[in-house]
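What follows is a short report on a single structure.
Numbering (this note's numbering), first residue to last: 436 to 485.
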């Protein structure tokens with residue numbers, strides 16, 4: 436299974452670079468006023484170029 440996700444930035448090319456390096460994506464929805472968590476793991480060779 437490949438998770439589908441979107442990260443909104445001012446740079447349109449970022450999302451395709453990120454999807455190619457995604458290892459895992461985990462969202463934890465906590466109850467009430469407890470903060471939710473998001474954990475995104477990328478391949479260690481990930482480089483962000485401008």
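Think of the CB as a built atom: it goes at the ideal place given N, C-alpha and C, for glycine as much as any other residue.
Exercise. Smallest Cα separation from residue 471: which of 480, 478 and 461?
Worked result: Of the listed residues, the one whose Cα sits closest to residue 471 is 461.
For this session: Could you spell out the range, first to last residue, of the beta strand (DSSP E) harbouring residue 472?
Result: 472-477
Exercise. CB-CB under 7 Å to residue 463, same chain, minus the five flanking residues each way: which ones, in chain order?
Worked result: Around residue 463: 471 and 472.
Problem set entry | Reduced DSSP category for residue 457 - H, G, I as helix; E, B as strand; rest coil | strand
For this session: Could you pull out every residue in the same chain whose Cβ sits closer than 7 Å to the Cβ of residue 440, ignoring the five residues on either side in sequence?
Result: Excluding sequence neighbours, residue 440 sits near 460.
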